[in-house]
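Below: one structure, written as structure tokens.
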Amino acid sequence: MRTFVHGSAVWEVACPQRPSRVAGVTMAGFRVRDLDALRMVPHPAVTLLLDFGAGSPVLDSAAGRQQRGSVVAGPGIGSGGAVWARGENVECVQVRLSPVIARAVLGVSPADLGGDVVALDDLWGGEAARIRERLGEVSSWQDRFALTDALLARRHEAGPPVDPEVAWAWERIVGDRGLARVEGLAAEVGWSRKRLWSRFRSQLGLAPKRAVKLVRFDHAAHRLVAGEGAARVAADAGYADQSHLHRDVVEFTGVTPATVAGEPFLAVDDIAWAEQVRRYASLSP
Numbered sequence: 001m002r003t004f005v006h007g008s009a010v011w012e013v014a015c016p017q018r019p020s021r022v023a024g025v026t027m028a029g030f031r032v033r034d035l036d037a038l039r040m041v042p043h044p045a046v047t048l049l050l051d052f053g054a055g056s057p058v059l060d061s062a063a064g065r066q067q068r069g070s071v072v073a074g075p076g077i078g079s080g081g082a083v084w085a086r087g088e089n090v091e092c093v094q095v096r097l098s099p100v101i102a103r104a105v106l107g108v109s110p111a112d113l114g115g116d117v118v119a120l121d122d123l124w125g126g127e128a129a130r131i132r133e134r135l136g137e138v139s140s141w142q143d144r145f146a147l148t149d150a151l152l153a154r155r156h157e158a159g160p161p162v163d164p165e166v167a168w169a170w171e172r173i174v175g176d177r178g179l180a181r182v183e184g185l186a187a188e189v190g191w192s193r194k195r196l197w198s199r200f201r202s203q204l205g206l207a208p209k210r211a212v213k214l215v216r217f218d219h220a221a222h223r224l225v226a227g228e229g230a231a232r233v234a235a236d237a238g239y240a241d242q243s244h245l246h247r248d249v250v251e252f253t254g255v256t257p258a259t260v261a262g263e264p265f266l267a268v269d270d271i272a273w274a275e276q277v278r279r280y281a282s283l284s285p
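Right under this line is the structure:
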């Protein structure tokens with residue numbers, strides 16, 4: 001377990017020793033004594049938070065809604081700085097699911113989450129309580145990751161897959177770092193733009209253009225956290241100019257690029273999601 005310190009906040013972070021048996025699943029474990037007003041920065045994945053500690057994470061939305069404990073949220077949740085996390089003595093396994101596999105794992109499409117944070121009990125019923133109990137009974141993080149992975153693999157195997165054309169379009173958007181053109185994607189899979197938009201939105205939870213925008217923002221935001229200048233990031237990430245980058249960052253986070261560069265939600269990725277951060281670095285010129 002490694003320690004992440006950001007200002008007065010101290011997080012203990014654990015990572016699996018081996019990859020998930022399900023492609024599109026990544027995990028990290030967190031133990032935070034005092035989680036105070038953490039802005040949730042949108043990410044191009046479905047987020048699953050499995051709480052098992054003595055405390056309980058609380059997610060507050062700008063609309064006044066509040067969720068406690070284990071939750072799930074669709075891709076891009078927190079846009080505009082609308083979702084904040086807090087809590088004391090929080091222990092949890094956080095899972096990032098590729099939207100391509102999320103429908104099978106969750107049992108519902110990310111589109112059915114309504115763009116909000118949803119209590120896992122509402123989706124999984126008693127199964128959510130059982131995994132929470134089992135995670136609390138084991139003493140090692142690697143055992144917790146193994147339990148979680150076994151659950152995700154079983155649910156994924158039993159759940160419905162998305163259309164191959166939709167999966168291909170998503171992987172192309174991610175692989176191109178949000179630089180793909182939606183019209184070109186539709187032509188390559190042999191679908192009309194309208195058909196791709198409809199299937200993509202209903203199965204993955206966001207429209208193709210929104211997916212392109214979110215993936216491009218995520219890549220740019222991590223480079224800002226790595227210390228790169230906004231002008232260079234804007235040019236390399238495919239923005240028309242620096243002001244375009246500024247607008248997207250404000251739209252997704254509610255703050256400026258300079259503020260995003262210091263966000264702990266992104267800064268901890270260097271420990272919790274190190275493989276992703278290395279990928280961003282390898283893609284930089």
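Taking the UniProt record's numbering, the leading residue of the sequence shown gets 1, the next gets one more, and so forth.
Note that CB positions come from ideal geometry on N, CA and C, so glycine has one too.
Model, not experiment: these values are computed from the prediction.
Taking a C-beta distance under 7 Å as the contact criterion, Val22 and Ala153 qualify as a contact pair.
Around the Cβ of Pro19, a 10 Å sphere holds fewer than 16 other Cβ atoms; the residue is exposed.
Annotation: Ile271 to Val189 spans about 37 Å, alpha carbon to alpha carbon. In the three-state scheme derived from DSSP, where H, G and I count as helix and E and B as strand, Ser56 is classed as coil. Collapsing the DSSP output to three states places Asp176 in coil. Asp241 carries a coil assignment under DSSP once its states are collapsed to helix, strand and coil.
Judged by DSSP in its simplified three-state form, Leu206 adopts coil rather than helix or strand.
Per DSSP, reduced to three states, the secondary structure at Trp124 is helical. Take the alpha-carbon of Ile101 and the one of Ser202: they are about 13 Å apart. Between the C-alpha atoms of Val118 and Asp241 there is a straight-line separation of about 37 Å.
Distance from the Cα of Gly7 is smallest, within the candidate group Val212, Ala221, Pro264, for Pro264.
Note: Glu91 is bridge-paired with Arg31 in the DSSP secondary-structure output. Here the alpha carbon of Asp269 sits roughly 30 Å from the alpha carbon of Glu165.
By alpha-carbon distance to Arg130, the top candidate from Arg232, Arg96, Ser70 is Ser70.
For Trp170, the three-state secondary structure derived from DSSP is helix. Within the same chain, Val212, Val215, Arg216 come within 6 Å of Gly178 by CB-CB distance, once the 5 residues on both sides are set aside. Judged by DSSP secondary structure, Asp51 falls within the beta strand (DSSP E) whose first and last residues are 46 to 51.
Non-local beta-carbon contacts of Ala54 in its own chain, meaning distances under 6 Å to residues more than five positions away in sequence, involve Asn89 in chain order. By the neighbour-count criterion, in which 16 or more other beta carbons inside 10 Å mark a residue as buried, Ser140 falls on the exposed side. Nearest Cα to Trp197 within the set His219, Asp163, Glu251: Asp163.
Residue burial is scored here from C-beta neighbours: Met40 has at least 16 other C-beta atoms within 10 angstroms and is therefore classed as buried. A check of alpha carbon separations from Phe145 across His246, Leu266, Ala28 identifies Ala28 as the nearest.
Exposed is the label assigned to Val138, since fewer than 16 other Cβ atoms lie within 10 Å of its Cβ. As DSSP reads the structure, Val117 sits in a beta bridge with Ala73. In the three-state reduction of the DSSP assignment, Ala14 falls in the strand class, which pools E and B.
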